[in-house]
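Numbering (this note's numbering), first residue to last: 1 to 378. Structure record follows, encoded as structure tokens.
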């Protein structure tokens, strides 16, 4: 279950914060001043400590959330029990009201039966007034006053009983609503206090982290300034060395080994002699000449290749033309063959018409079959 911590005064909180910062700074100074544990650029121990504190805070938050969830579940169960009681009470009231209505109907039926029996015993017809619902008898009614008085007393008792039952039901509903509101307000108060305490804790932790980060930033800036000053000193010393050393001087005599002008110092080159420059120029001229010769040779090879390709192209054109002539000749030969076949077919058709089909079939030929079928005996 979640427990609220006692409230501390502003001085006590400030004192605790200062003590925590002192402890952290002392621990950090011990680690940074130790050459075996010091790591430039980052403070691993501080990062581990921050991670550990963050995990502890998250664990405490999870435990608090679980405790609040358990409390909310318990409160929800209590609310469910109260709601169930309210529904049962409402159901009981409805049942009692239904029983009361049933009893009223039974009493009315008995009263109607008594009136009917009285009417029969009196012997006169009875007429019910639609306005008052009372029986009106023809003739003298000796028990009218007594009956009216009894009915008035009974009606007054029923009204008083109904009013008392309504008041009791209203009081029960008000009491139940009051209990529900009190319980809900207590739950809301607990939740609000827990939320306020949570917000205050988060704000306090945020302030502590902010102050700790500010201290780290100041330390980092001081460390950066010190490193920059050291780098400036090193740069100035290096510049002084470069200006005074023989490495970048323009003295050509320092290129050669003292006492041996034919031997150069590899790491102290100061320039070339006129002979060396002439060798380089001769080599460049030789390279230019070789390049020109190579370009001329490539040009001749390209022209030769293009002439061969042109000859191949002309040969292919001649072959295509010859093939086209052969195709035309074949087309003409096939056309002549088709024409010859057509002429032979015409000659055959003329022979069939003149020599074979000499007796054409006339309509009279078919008529004789019709006359024969008509004249035939049946």
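Beta carbons are placed, not taken as given, at the ideal position from N, Cα and C, and that holds for glycine. As the structure is a prediction and not an experimental result, all values here were calculated from the model.
Note on the region 6 to 35: whole alpha helix (DSSP H) runs with a minimum of 4 residues are 10 to 32, in chain order.
Only residues of its own chain outside the window of five on either side were considered, and among them none has a CB closer than 7 Å to the CB of residue 219. Note that the region 181 to 189 touches the region 71 to 87; at least 3 beta-carbon pairs, one per stretch, sit closer than 8 Å.
Note that the C-beta distance between residue 14 and residue 28 is not below 9 Å.
With the rule of 3 Cβ pairs closer than 8 Å, the region 83 to 94 does not count as touching the region 201 to 212. Rounded to the nearest whole angstrom, the CA to CA distance from residue 326 to residue 362 is 55 Å.
For residue 362, the secondary structure class from DSSP, reduced to helix, strand or coil, is coil.
Here DSSP, grouped into helix, strand and coil, assigns residue 273 to coil. Rounded to the nearest whole angstrom, the C-alpha separation of residue 95 and residue 201 is 54 Å. In this structure, the alpha-carbon of residue 9 lies about 53 Å from that of residue 234. Taking 4 residues as the shortest admissible run, the region 70 to 109 contains no complete alpha helix (DSSP H) segment at all. Between the alpha carbons of residue 106 and residue 89 lies a gap of roughly 26 Å. Nearest neighbour of residue 162 by Cα position, chosen from 242, 175, 148 and 93, turns out to be 93.
The alpha-carbon separation between residue 330 and residue 367 amounts to approximately 56 Å.
Distance from the CA atom of residue 232 to the CA atom of residue 224, rounded to whole angstroms, is 12 Å. Within its own chain, no residue has a Cβ closer than 6 Å to the Cβ of residue 212 once the five positions on either side in sequence are excluded.
Rounded to whole angstroms, the gap between the alpha carbons of residue 99 and residue 71 is 42 Å. Between residue 79 and residue 194 a beta carbon distance of about 18 Å is seen, past the 8 Å cut, so the two are scored as non-contacting. The beta carbon of residue 23 lies closer than 7 Å to none in the same chain, with the five residues before and after it left out. In terms of Cα proximity to residue 91, the closest of 283, 64, 339 and 172 is 172.
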